[in-house]
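I have placed the structure first, in the form of structure tokens, so that the comments after it can refer back to it.
Protein chains: 2
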Amino acid sequence: GYSQLGRSVEGLDGAAEWASIRALLPDLKGRRVVDLGCGFGWFCRFAREQGAASVLGFDVSENMLARARATSDGAISYAKADLEVLELPEDSFDLVYSSLAFHYIKDLDALLMRAHAALATGGHLVFSIEHPIYMAPAYPRWSQDADGRATWPVNGYLEEGPRTTDWLAKGVVKQHRTIGTLLNILIGLGFTLLHVEEWGPSSEQVAAHPEWAVERERPMFLLVSARK
Amino acid sequence: GYSQLGRSVEGLDGAAEWASIRALLPDLKGRRVVDLGCGFGWFCRFAREQGAASVLGFDVSENMLARARATSDGAISYAKADLEVLELPEDSFDLVYSSLAFHYIKDLDALLMRAHAALATGGHLVFSIEHPIYMAPAYPRWSQDADGRATWPVNGYLEEGPRTTDWLAKGVVKQHRTIGTLLNILIGLGFTLLHVEEWGPSSEQVAAHPEWAVERERPMFLLVSARK
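Order-wise, the sequence lines are chains A and B. Those letters in the first sequence? Residues 1 to 228, per my numbering, in order. Those letters in the second sequence? Residues 1001 to 1228, per my numbering, in order.
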């Protein structure tokens, strides 16, 4: 299950994309941070270690929140919440952060509208999401081209909507959206886009983990930072 | 060859993505327009019909320029130029436009830097480019998934650089870049991104041209508008 994955056991450094996400973060010293989909609280604790004044973590899993709370300090608050309907106070945060949660959200327009309203002017939104190339296909698994090279079979890319997979649990439903749709939602809300990264392991990471080489054939994650 | 394609014979309306590009254009009345890769001059004439004060079209093909000049008026100027080294006057245009030319450019950073400098403050950059999903693979052609559905075999997506194809002519070299790289170049130059569209035919277009349905399985073009 999820709790055995590298990112769950080793925390942020167990997530291969963490260094790339970290490079997108603003200085957190004295800042008010909210983490949408905080899981075991690794990022919340990181933000606090970086000097964040307050950190608020939301997750839908009470089990994850229980583990998160066990290692918390007073400046971190955790709360159970369904991100589909979560209400946030307006003009109250300097960073809205989310790691690999947005592709589960059906009404992402509404969540991002609330995230925008929750940010103070000049505040940042930094998030990762499964890349639509990764999410789109009817059969999201490797095949081979005529040379035997690993190939990712893209179809349905322009048909947005639910995708059902059996990752970790049977019948998990993800919401496929194009990069264009995602970025245009942000632009329409008044965000200024700062960085868009189609993430795969770096050459250095592949040198250290040769089995990751295939992950450079297509991007696994999309990382975005934007400013209100 | 190229002159037999719908877009060459019928002009802008022969290009299926034209309505989507047109929707990204600012009001052209009284504006100074430059078209990078103007071909037969269809867009230059359109811009003039929309009331552009001046239109400057560049292309590397003297044959195309000769045909463009044959239907020109005095407010349109055409010149032969290699976009890799084209110099543009600074602060001199309200719109830099380019249709399906940028994926041939090796030093796109430098061209976009010159395009940015050539724009007046508040001026627009609107362009189309082959989508990196379309351009990346070693074998850019349809295959089928387990259900017989058309599938586009993506690999090499994160390996930027030349791709050689035999489209129209043997050994045409295109330059593959990720969407992230392209957008980050624009952001780094100081552009504000206004719209990012991964283009395929609309449902209405597919209804009118059922043979285009497959083009919704993966995006063919990327359309971008940005403001200086």
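Just so you know, even glycine gets a beta-carbon here, dropped at the ideal spot from N, CA and C.
Taking 7 Å as the upper bound on Cβ-Cβ separation, chain A lies near residues D1145, A1146, D1147, R1149, A1150, T1151, W1152, P1153, V1154 and N1155 of the stretch 1141-1155 of chain B.
Assigned with DSSP and collapsed to three states, B/D1109 falls in helix. For the stretch 176-207 of chain A, residues whose beta-carbon sits nearer than 8 Å to a beta-carbon of chain B comprise T178, I179, G180, L183, N184, I187, T192, L193, L194, H195, V196, E197, E198 and G200.
Legend: CB atoms of the stretch 11-30 of chain A lying less than 7 Å from CB atoms of chain B are not found in any residue. At least 7 Å separates the CB of A/A226 from every CB of chain B. Under the Cβ criterion of 7 Å, A/E217 is counted among the residues facing chain B.
In this structure, B/L1223 and B/E1197 form a Cβ contact; the two beta carbons are roughly 4 Å apart against a cut-off of 8 Å. Annotation for B/S1099: the continuous beta strand (DSSP E) segment containing it runs F1093 to S1099.
Residue burial annotation: A/K228 is buried, with at least 16 other C-beta atoms found within 10 angstroms of its C-beta.
For A/D35, the three-state secondary structure derived from DSSP is strand. Interface with chain A (7 Å Cβ-Cβ cutoff): B/L1108 is excluded. Here A/L95 is not near A/V55, since their CB atoms are 7 Å or more apart.
B/E1159 reaches chain A at R216 and E217, counting residues in chain order whose Cβ is nearer than 9 Å. The stretch 1133-1187 of chain B is shown to contain whole beta strand (DSSP E) runs of 3 or more residues at 1150-1154, 1161-1165 and 1172-1176, in chain order. According to the DSSP assignment, A/E62 belongs to no beta strand (DSSP E) but to the alpha helix (DSSP H) extending over E62 to A70.
Across the structure, A/F40 and A/R7 are spaced so that their CA atoms are roughly 10 Å apart. Within the same chain, and ignoring the five residues on either side of B/A1053 in sequence, the residues whose Cβ sits closer than 8 Å to its Cβ are G1030, R1031, R1032 and A1075. By the Cβ-count criterion, B/V1009 is exposed, with fewer than 16 other Cβ atoms from all chains shown falling within 10 Å of its own Cβ. With respect to chain B, the C-beta atom of A/Y134 has no partner C-beta closer than 7 Å. Approximately 5 Å separates the beta-carbon atoms of B/P1132 and B/T1178; this is inside 8 Å, confirming the contact. The C-beta distance from B/L1186 to B/L1193 rounds to 6 Å, short enough to meet the 8 Å contact threshold. For B/F1058, there is no enclosing alpha helix (DSSP H); the residue is found in the beta strand (DSSP E) stretching over S1054 to D1059. Secondary structure note for B/E1049: its alpha helix (DSSP H) is the uninterrupted segment W1042 to E1049.
With respect to the C-alpha of B/L1065, the residue from B/D1082, B/E1084, B/C1038 and B/A1120 having the closest C-alpha is B/C1038. Straight across, the Cα-Cα distance linking A/L88 with A/A23 is about 26 Å. Here the stretch 1130-1148 of chain B lies against the stretch 144-161 of chain A, with 3 or more beta-carbon pairs under 8 Å apart. The beta carbon of B/Y1078 sits no closer than 7 Å to any beta carbon of chain A.
Under the 7 Å criterion on CB atoms, A/Y139 is classed as interfacial with respect to chain B. Here the alpha carbon of B/L1108 sits roughly 12 Å from the alpha carbon of B/L1086.
Closest in alpha carbon position to A/H103, among A/A213, A/L36, A/L25 and A/L189, is A/L36. The C-beta separation of A/W199 from A/Q205 comes to about 11 Å, leaving the pair out of contact by the 8 Å criterion.
In the displayed model, B/S1202 falls within coil according to three-state DSSP, outside both helix and strand.
Each of A/Q175, A/R69, A/S20 and A/A81 was checked against the Cα of A/V60, and the nearest Cα belongs to A/A81.
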